[in-house]
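Notes to accompany the following structure.
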Amino acid sequence: MYRNQYDNDVSVWSPQGRIHQIEYAMEAVKQGAATLGIKGKDYAVVVALKRASSDLSSHQKKIIPIDEHAGISIAGLTSDARILSRFMRTECLNHRYVYGSPLSISRLVSQVGDKAQTGTQIMGRRPYGVGLLVAGCDESGPHIYYICPSSNFYECKCMAIGSRSQSARTYLERHKDEFKNVEDLNELVAHALRALRDCLPNESELTTKNVSVGYVGRGTDFTIKDDEEVAEYLKMIEEEKPAAAPAAPAAGEEALDVQ
1 MYRNQYDNDV SVWSPQGRIH QIEYAMEAVK QGAATLGIKG KDYAVVVALK
51 RASSDLSSHQ KKIIPIDEHA GISIAGLTSD ARILSRFMRT ECLNHRYVYG
101 SPLSISRLVS QVGDKAQTGT QIMGRRPYGV GLLVAGCDES GPHIYYICPS
151 SNFYECKCMA IGSRSQSART YLERHKDEFK NVEDLNELVA HALRALRDCL
201 PNESELTTKN VSVGYVGRGT DFTIKDDEEV AEYLKMIEEE KPAAAPAAPA
251 AGEEALDVQ
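Per the working numbering, residue 1 is the first one in the sequence shown, and the count goes up by one each step.
Next comes the structure, spelled out in C-alpha coordinates:
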(Lines of atoms letter the chains of each structure in order from A and count residues from 1; the text may use other names and numbers.)
(Lines give C-alpha, C1' and ligand atoms only; values in the text may rest on other atoms or scores of the structure.)
Protein backbone atom coordinates (compact mmCIF):
# COMPACT_ATOMS: atom_id res chain seq x y z
CA MET A 1 0.00 0.00 0.00
CA TYR A 2 1.19 3.49 -0.79
CA ARG A 3 0.14 6.93 0.36
CA ASN A 4 -2.27 8.85 -1.82
CA GLN A 5 -4.47 11.92 -1.59
CA TYR A 6 -7.38 9.94 -0.12
CA ASP A 7 -5.70 8.39 2.94
CA ASN A 8 -5.02 11.51 5.01
CA ASP A 9 -8.11 11.12 7.17
CA VAL A 10 -10.55 8.39 8.11
CA SER A 11 -13.52 10.46 6.96
CA VAL A 12 -12.28 10.71 3.34
CA TRP A 13 -13.65 8.29 0.73
CA SER A 14 -11.69 7.37 -2.39
CA PRO A 15 -13.39 7.39 -5.82
CA GLN A 16 -13.47 3.59 -5.60
CA GLY A 17 -15.58 3.75 -2.44
CA ARG A 18 -12.76 2.76 -0.07
CA ILE A 19 -11.55 4.25 3.21
CA HIS A 20 -7.80 3.67 3.17
CA GLN A 21 -7.26 4.35 6.88
CA ILE A 22 -9.47 1.36 7.74
CA GLU A 23 -7.59 -0.83 5.27
CA TYR A 24 -4.29 0.19 6.88
CA ALA A 25 -5.66 -0.79 10.30
CA MET A 26 -6.64 -4.18 8.89
CA GLU A 27 -3.06 -4.58 7.61
CA ALA A 28 -1.83 -4.13 11.19
CA VAL A 29 -3.91 -7.18 12.16
CA LYS A 30 -2.35 -9.22 9.35
CA GLN A 31 1.12 -8.40 10.66
CA GLY A 32 0.39 -9.41 14.26
CA ALA A 33 1.30 -12.84 15.60
CA ALA A 34 -1.24 -15.51 14.73
CA THR A 35 -4.11 -16.40 17.03
CA LEU A 36 -7.18 -18.57 16.55
CA GLY A 37 -10.39 -19.65 18.26
CA ILE A 38 -12.54 -22.79 18.11
CA LYS A 39 -16.05 -23.39 19.42
CA GLY A 40 -17.01 -26.89 20.53
CA LYS A 41 -20.17 -28.34 22.05
CA ASP A 42 -19.46 -27.15 25.60
CA TYR A 43 -16.26 -25.10 25.34
CA ALA A 44 -14.71 -22.20 23.45
CA VAL A 45 -10.92 -22.22 23.09
CA VAL A 46 -8.43 -19.57 21.97
CA VAL A 47 -4.72 -20.15 21.38
CA ALA A 48 -2.09 -17.59 20.40
CA LEU A 49 1.53 -17.30 19.37
CA LYS A 50 3.53 -14.89 21.53
CA ARG A 51 6.38 -12.72 20.24
CA ALA A 52 9.39 -11.27 22.05
CA SER A 53 10.70 -7.94 20.76
CA SER A 54 14.27 -9.07 21.52
CA ASP A 55 16.22 -11.89 23.13
CA LEU A 56 16.40 -9.81 26.32
CA SER A 57 12.65 -9.29 26.73
CA SER A 58 9.81 -11.54 27.76
CA HIS A 59 7.10 -12.66 25.36
CA GLN A 60 4.13 -10.33 24.92
CA LYS A 61 0.91 -11.70 26.39
CA LYS A 62 -1.79 -12.20 23.77
CA ILE A 63 -4.79 -13.51 25.74
CA ILE A 64 -6.59 -11.10 28.08
CA PRO A 65 -9.29 -12.05 30.61
CA ILE A 66 -12.44 -9.90 30.53
CA ASP A 67 -14.88 -11.52 32.97
CA GLU A 68 -15.50 -14.91 34.53
CA HIS A 69 -17.31 -15.99 31.37
CA ALA A 70 -15.30 -14.23 28.65
CA GLY A 71 -11.81 -13.41 27.40
CA ILE A 72 -10.10 -12.15 24.25
CA SER A 73 -7.11 -12.99 22.11
CA ILE A 74 -5.51 -10.24 20.04
CA ALA A 75 -3.57 -9.67 16.81
CA GLY A 76 -2.32 -6.17 16.05
CA LEU A 77 -1.41 -3.18 18.20
CA THR A 78 -1.31 -4.23 21.85
CA SER A 79 -1.91 -0.68 23.10
CA ASP A 80 -5.20 -0.51 21.22
CA ALA A 81 -6.16 -3.92 22.61
CA ARG A 82 -5.64 -2.65 26.17
CA ILE A 83 -8.07 0.21 25.56
CA LEU A 84 -10.76 -2.09 24.20
CA SER A 85 -10.22 -4.73 26.89
CA ARG A 86 -10.60 -2.08 29.62
CA PHE A 87 -13.85 -0.93 28.00
CA MET A 88 -15.13 -4.52 27.87
CA ARG A 89 -14.30 -5.11 31.54
CA THR A 90 -16.12 -1.93 32.52
CA GLU A 91 -19.23 -2.97 30.59
CA CYS A 92 -19.24 -6.42 32.22
CA LEU A 93 -18.78 -4.95 35.70
CA ASN A 94 -21.57 -2.39 35.18
CA HIS A 95 -23.97 -5.10 34.01
CA ARG A 96 -23.18 -7.31 37.00
CA TYR A 97 -23.65 -4.36 39.37
CA VAL A 98 -27.02 -3.34 37.90
CA TYR A 99 -28.55 -6.72 36.99
CA GLY A 100 -26.61 -9.19 39.13
CA SER A 101 -25.86 -11.45 36.15
CA PRO A 102 -23.13 -11.75 33.51
CA LEU A 103 -23.42 -9.74 30.30
CA SER A 104 -24.35 -11.85 27.28
CA ILE A 105 -21.52 -12.31 24.80
CA SER A 106 -23.51 -11.04 21.81
CA ARG A 107 -24.38 -7.79 23.60
CA LEU A 108 -20.79 -7.31 24.79
CA VAL A 109 -19.46 -7.72 21.25
CA SER A 110 -22.10 -5.36 19.89
CA GLN A 111 -21.06 -2.67 22.37
CA VAL A 112 -17.40 -3.04 21.38
CA GLY A 113 -18.40 -2.75 17.72
CA ASP A 114 -20.28 0.47 18.47
CA LYS A 115 -17.24 1.92 20.25
CA ALA A 116 -14.87 0.92 17.45
CA GLN A 117 -17.18 2.38 14.81
CA THR A 118 -16.97 5.92 16.22
CA GLY A 119 -13.29 6.01 15.29
CA THR A 120 -14.14 5.36 11.64
CA GLN A 121 -16.45 8.36 11.08
CA ILE A 122 -15.04 11.28 13.09
CA MET A 123 -12.35 13.53 11.64
CA GLY A 124 -9.11 13.42 13.58
CA ARG A 125 -9.74 9.91 14.92
CA ARG A 126 -8.37 6.62 13.64
CA PRO A 127 -9.58 3.02 13.68
CA TYR A 128 -8.28 0.64 16.33
CA GLY A 129 -5.46 -1.31 14.74
CA VAL A 130 -6.24 -4.61 16.43
CA GLY A 131 -8.36 -7.65 15.72
CA LEU A 132 -10.09 -9.38 18.62
CA LEU A 133 -11.19 -12.98 18.98
CA VAL A 134 -13.74 -13.09 21.79
CA ALA A 135 -14.28 -16.42 23.53
CA GLY A 136 -17.21 -16.62 25.92
CA CYS A 137 -19.97 -18.77 27.30
CA ASP A 138 -23.44 -17.65 28.36
CA GLU A 139 -26.92 -19.16 28.68
CA SER A 140 -27.00 -20.05 24.98
CA GLY A 141 -23.65 -21.88 25.11
CA PRO A 142 -20.07 -21.19 24.01
CA HIS A 143 -19.27 -18.48 21.44
CA ILE A 144 -16.38 -17.31 19.29
CA TYR A 145 -16.63 -13.81 17.80
CA TYR A 146 -14.22 -11.92 15.57
CA ILE A 147 -14.17 -8.11 15.85
CA CYS A 148 -12.51 -6.41 12.88
CA PRO A 149 -10.85 -2.92 12.89
CA SER A 150 -13.65 -1.82 10.55
CA SER A 151 -15.97 -2.40 13.57
CA ASN A 152 -17.69 -5.33 11.86
CA PHE A 153 -18.11 -8.40 14.02
CA TYR A 154 -18.98 -11.99 13.20
CA GLU A 155 -19.87 -15.07 15.18
CA CYS A 156 -17.74 -17.98 13.98
CA LYS A 157 -17.48 -21.74 14.34
CA CYS A 158 -13.73 -21.16 14.27
CA MET A 159 -11.46 -18.34 13.14
CA ALA A 160 -7.76 -17.51 12.71
CA ILE A 161 -6.21 -14.05 12.33
CA GLY A 162 -2.72 -12.61 12.20
CA SER A 163 0.46 -13.33 10.29
CA ARG A 164 0.51 -16.63 8.30
CA SER A 165 -3.01 -17.36 9.53
CA GLN A 166 -4.16 -18.65 6.13
CA SER A 167 -2.50 -22.00 6.89
CA ALA A 168 -4.46 -22.25 10.14
CA ARG A 169 -7.71 -21.33 8.37
CA THR A 170 -7.10 -24.13 5.87
CA TYR A 171 -6.86 -26.62 8.75
CA LEU A 172 -9.96 -25.19 10.43
CA GLU A 173 -12.00 -25.31 7.22
CA ARG A 174 -11.02 -28.95 6.76
CA HIS A 175 -12.20 -29.94 10.26
CA LYS A 176 -14.91 -27.37 11.04
CA ASP A 177 -17.74 -29.89 10.98
CA GLU A 178 -16.03 -31.97 13.67
CA PHE A 179 -15.74 -29.20 16.26
CA LYS A 180 -19.44 -28.80 17.05
CA ASN A 181 -19.59 -32.37 18.39
CA VAL A 182 -16.38 -32.24 20.46
CA GLU A 183 -17.18 -32.48 24.17
CA ASP A 184 -13.64 -33.06 25.48
CA LEU A 185 -11.69 -29.88 26.23
CA ASN A 186 -8.29 -31.49 25.61
CA GLU A 187 -9.33 -32.65 22.15
CA LEU A 188 -10.50 -29.14 21.25
CA VAL A 189 -7.22 -27.62 22.47
CA ALA A 190 -5.26 -30.22 20.48
CA HIS A 191 -7.13 -29.21 17.30
CA ALA A 192 -6.34 -25.54 18.01
CA LEU A 193 -2.63 -26.23 18.55
CA ARG A 194 -2.38 -28.29 15.36
CA ALA A 195 -3.86 -25.40 13.40
CA LEU A 196 -1.59 -22.88 15.14
CA ARG A 197 1.47 -25.01 14.40
CA ASP A 198 0.78 -24.60 10.68
CA CYS A 199 1.39 -20.84 11.07
CA LEU A 200 5.04 -21.34 12.09
CA PRO A 201 8.01 -21.02 9.72
CA ASN A 202 10.18 -24.06 9.04
CA GLU A 203 12.78 -23.41 11.71
CA SER A 204 10.31 -22.77 14.54
CA GLU A 205 8.14 -24.98 16.72
CA LEU A 206 5.57 -24.56 19.46
CA THR A 207 7.08 -24.25 22.93
CA THR A 208 5.88 -23.35 26.39
CA LYS A 209 7.38 -19.88 25.89
CA ASN A 210 5.63 -18.86 22.68
CA VAL A 211 2.12 -20.32 23.15
CA SER A 212 -0.82 -19.29 25.28
CA VAL A 213 -4.07 -21.21 25.70
CA GLY A 214 -7.37 -19.85 26.99
CA TYR A 215 -10.70 -21.61 27.40
CA VAL A 216 -14.17 -21.16 28.85
CA GLY A 217 -17.21 -23.42 28.94
CA ARG A 218 -20.39 -24.47 30.67
CA GLY A 219 -19.56 -24.46 34.37
CA THR A 220 -15.95 -23.45 33.65
CA ASP A 221 -14.67 -19.90 34.16
CA PHE A 222 -12.34 -18.33 31.62
CA THR A 223 -8.88 -19.75 32.28
CA ILE A 224 -5.50 -18.88 30.77
CA LYS A 225 -2.60 -21.33 30.55
CA ASP A 226 0.90 -19.92 30.06
CA ASP A 227 4.48 -21.16 30.22
CA GLU A 228 4.83 -24.58 31.86
CA GLU A 229 1.06 -24.96 32.19
CA VAL A 230 0.90 -25.38 28.39
CA ALA A 231 3.30 -28.37 28.41
CA GLU A 232 0.53 -30.93 28.97
CA TYR A 233 -1.27 -29.75 25.82
CA LEU A 234 1.90 -29.66 23.69
CA LYS A 235 2.62 -33.28 24.62
CA MET A 236 -0.65 -34.29 22.95
CA ILE A 237 0.61 -33.19 19.52
CA GLU A 238 4.40 -33.43 19.78
CA GLU A 239 4.51 -36.90 18.18
CA GLU A 240 2.55 -35.75 15.14
CA LYS A 241 4.26 -34.55 11.99
CA PRO A 242 3.56 -30.85 11.35
CA ALA A 243 2.21 -29.68 8.02
CA ALA A 244 4.50 -27.93 5.56
CA ALA A 245 5.14 -24.35 6.60
CA PRO A 246 4.00 -21.49 4.33
CA ALA A 247 6.40 -19.35 2.36
CA ALA A 248 8.38 -16.64 4.11
CA PRO A 249 6.55 -13.31 4.58
CA ALA A 250 6.99 -10.63 1.98
CA ALA A 251 9.49 -7.85 2.57
CA GLY A 252 8.19 -5.27 4.99
CA GLU A 253 5.62 -7.59 6.59
CA GLU A 254 7.11 -7.02 10.07
CA ALA A 255 7.37 -3.26 9.68
CA LEU A 256 4.93 -2.42 12.49
CA ASP A 257 5.55 -3.14 16.15
CA VAL A 258 2.50 -5.35 16.51
CA GLN A 259 1.82 -8.45 18.61
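Even for Gly, the Cβ is constructed at its ideal location relative to N, Cα and C.
The C-beta of V98 has fewer than 16 other C-beta atoms within 10 Å across all chains shown, which makes the residue exposed. Using a 10 angstroms sphere on the CB of M123, the tally of other CB atoms stays under 16, which defines it as exposed.
The beta carbons of Y24 and L84 sit no closer together than 9 angstroms.
For A34, DSSP assigns no beta-bridge partner whatsoever. Here L172 is buried. Its C-beta has 16 or more other C-beta atoms within 10 Å. Judged by DSSP secondary structure, S165 falls within the alpha helix (DSSP H) whose first and last residues are 165-179. Within the DSSP bridge table, the entry for V211 names L49 as partners.
In the DSSP annotation of this structure, the continuous segment of the beta strand (DSSP E) that includes H143 starts and ends at 141-147. Bounds of the beta strand (DSSP E) holding D67 are 63-67. Judged by their CB atoms, G71 and I161 are not nearer to each other than the 9 angstroms cut-off. Taking each of Y233, L133, F222 in turn and checking the Cα distance to P102, the smallest one comes out for F222. Straight-line measurement puts the Cα of S204 at about 31 angstroms from the Cα of Y154. About 6 angstroms separates the Cβ atoms of C156 and Y146, confirming a contact at the 8 angstroms cut-off. Per DSSP, reduced to three states, the secondary structure at K41 is coil, with no helix or strand assignment.
With respect to the 9 angstroms criterion, P142 and K62 are not classified as neighbours on the basis of their beta carbons.
Taking a cut-off of 8 angstroms on C-beta distances, the region 165-182 does not touch the region 51-69, as fewer than three cross pairs fall below it.
In the three-state scheme derived from DSSP, where H, G and I count as helix and E and B as strand, S73 is classed as strand.
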